[in-house]
Amino acid sequence: MKRIYLDYAATTPVHPDVIVAMLPYFNEKFGNPSSIHAYGQEAKEALERSRRTVASCLGSRIDEIVFTGSGTEADNFALEGVAFANEHKGNHIITSVIEHHAVLETCKFLEKRGFKVTYLPVDSTGLVSPDEVKKAITPETILVSIMYANNEIGSIQPVEEISKITKAAGVYFHTDAVQTVGHIPVNVNKLGVDLLSLSAHKLYGPKGVGVLYIRKGTKMVSFIHGGAQERRRRASTENVAGIVGLAKACELAGTEIDTESIRLSGLRDKLIKGLQQIEYCHLNGHPERRLPNNVNLSFEFVEGESMCLNLDLEGICVSTGSACSSSNAEPSHVLLAIGVPPQQAYGSLRFSLGKWNTEPEIDRVLEVLPRIIGKLRAMSPLVKSKKS
Ligand code: PLP
């Protein structure tokens, strides 16, 4: 059976051109960029070339790009780096209730270290209000961290409007763009952010490599202590092959982003429209301000996990929420935050589309899922009581 992968927000396959670009850096060009001999210099050149590519993709300066070991590390670095370097100025951080756990757990950690965190609510479409950000800023505020696009419901935040507010208040602004880079154009100066996280494995690059963009002049403490790599901001021998792969993935995304986002939003809308024909189905997230590849729907009277397993038996791979929380029995914190009742949140599916999805694959989901839901609902006593 040919499987259909609709979980690109969890991770993407590595693009064949990315693999080709990476391969030499595992054997013939295996040097350590800190070594002064020819092998080292060859690796260093590849590292700096990659930095230039990523900087040009984000519209940043070259020295504002710091390679990290993941998107999670970039988020941890952004929050802890700013918090510990600026605690003499204030101890207040603002974020939102729908952030990825990489941000939320770091905030909890910082709370234990004496920082105060305001978790802003979102509206029913998953958007943070710039006005609420403005109101939450106090003289103690040092950092605002609001994600660019949500990994579960795909809602795209008004980052440019928020940055105008943080700039006027003299507060640093970080955005987690892990789900955004590669899907919609991202330019750090247009956005006005001071820090931005991304992760290679969400845009057809390898796992275990990310970037933290740090605007020049941002006061940060370094995150991993050791050698002098990454201008002393992040110690450890660089993952040269991974970084080369990340840069190639960014370069490819740059050339394909416009056509791909149009193609994917077409497939996304077809899937949404088709599935909304099912009774008791609700779209989660913003109807328009959403990632071109994200579909998140709740179906009453069925469990997300049962739908997921039944789809898997038919060769269709989707997720009940974010990959990181799919082993968690709690309903999604994002769905609860947008006001989805807990029982309904349990009946949610996330489809995230990507480069290799085709229209016949969407047709197949539209044929299979209604049948699965019908079968599961036929076994549910809750449906009968609602209808009678
Ligand atoms: N932030 C968001 C919004 C994500 O979706 C993810 C991964 O799913 C991360 C951060 C973590 O990235 P990584 O898997 O590279 O650690």
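Residue 95 in my numbering sits at position 88 of the sequence shown, with consecutive numbering throughout. Cβ atoms here follow ideal geometry from the backbone N, Cα and C, with glycine treated the same way.
Put residue i into one of helix, strand or coil per three-state DSSP.
{"i": "residue 156", "result": "strand"}
{"i": "residue 381", "result": "helix"}
{"i": "residue 14", "result": "strand"}
{"i": "residue 262", "result": "helix"}
{"i": "residue 133", "result": "coil"}
{"i": "residue 123", "result": "strand"}
{"i": "residue 5", "result": "Within the shown structure, residues of the chain are numbered from 8 to 395, placing residue 5 beyond reach of any answer."}
{"i": "residue 72", "result": "strand"}
{"i": "residue 101", "result": "strand"}
{"i": "residue 323", "result": "strand"}
{"i": "residue 371", "result": "helix"}
{"i": "residue 317", "result": "helix"}
{"i": "residue 91", "result": "helix"}
{"i": "residue 246", "result": "coil"}
{"i": "residue 34", "result": "coil"}
{"i": "residue 332", "result": "Annotation note: pLDDT 49 at residue 332 (below 50); position unreliable, coordinate value reported separately. Note: residue 332 maps to helix in three-state DSSP."}
{"i": "residue 108", "result": "helix"}
{"i": "residue 298", "result": "coil"}
{"i": "residue 84", "result": "helix"}
{"i": "residue 285", "result": "coil"}
{"i": "residue 360", "result": "coil"}
{"i": "residue 144", "result": "coil"}
{"i": "residue 63", "result": "helix"}
{"i": "residue 345", "result": "coil"}
{"i": "residue 355", "result": "strand"}
When the Cα atoms are used, what is the spatial distance from residue i to residue j?
{"i": "residue 141", "j": "residue 354", "result": "35 angstroms"}
{"i": "residue 88", "j": "residue 184", "result": "18 angstroms"}
{"i": "residue 128", "j": "residue 235", "result": "40 angstroms"}
{"i": "residue 66", "j": "residue 344", "result": "33 angstroms"}
{"i": "residue 254", "j": "residue 200", "result": "21 angstroms"}
{"i": "residue 305", "j": "residue 288", "result": "6 angstroms"}
{"i": "residue 356", "j": "residue 50", "result": "43 angstroms"}
{"i": "residue 332", "j": "residue 256", "result": "Interpretation of residue 332 is limited by its pLDDT of 49, a score under 50 that renders its predicted location unreliable; the figure taken from the coordinates is listed afterwards. Roughly 26 angstroms separates the two Cα atoms."}
{"i": "residue 241", "j": "residue 14", "result": "31 angstroms"}
{"i": "residue 198", "j": "residue 384", "result": "45 angstroms"}
{"i": "residue 75", "j": "residue 388", "result": "50 angstroms"}
{"i": "residue 27", "j": "residue 252", "result": "9 angstroms"}
{"i": "residue 194", "j": "residue 171", "result": "15 angstroms"}
{"i": "residue 341", "j": "residue 24", "result": "35 angstroms"}
For residue i, count neighbouring Cβ atoms within 10 angstroms of its own Cβ and tell me buried if that reaches 16, exposed if not.
{"i": "residue 299", "result": "buried"}
{"i": "residue 202", "result": "buried"}
{"i": "residue 381", "result": "exposed"}
{"i": "residue 301", "result": "buried"}
{"i": "residue 33", "result": "exposed"}
{"i": "residue 297", "result": "buried"}
{"i": "residue 264", "result": "buried"}
Taking three-plus beta-carbon pairs below 8 angstroms as touching, is the segment 238–250 in contact with the segment 52–67? yes
Which runs of the beta strand (DSSP E) at least 3 residues long sit entirely within the segment 146–227? Give them in chain order. Look at the segment 146–227 and you find these whole runs of beta strand (DSSP E), each 3 residues long or longer: 148–152, 179–183, 202–206, 217–221.
If we count Cβ pairs, one from each stretch, closer than 8 angstroms, do we get three or more for the segment 101–109 versus the segment 265–280? As far as the Cβ criterion goes, the segment 101–109 does not touch the segment 265–280, which means the pair count is below three.
Stretch pair the segment 280–287 + the segment 35–49: three plus CB contacts closer than 8 angstroms: no
Whether or not the segment 154–161 and the segment 363–370 are in contact is what I'm after, with contact meaning three or more pairs of Cβ atoms, one per stretch, closer than 8 angstroms; do they touch? When C-beta atoms of the segment 363–370 are compared with those of the segment 154–161, fewer than three pairs fall below 8 angstroms, so the two segments do not count as touching.
If we count Cβ pairs, one from each stretch, closer than 8 angstroms, do we get three or more for the segment 215–229 versus the segment 320–328? no
Check whether the segment 139–153 and the segment 92–100 are in contact - that is, three or more C-beta pairs closer than 8 angstroms. yes
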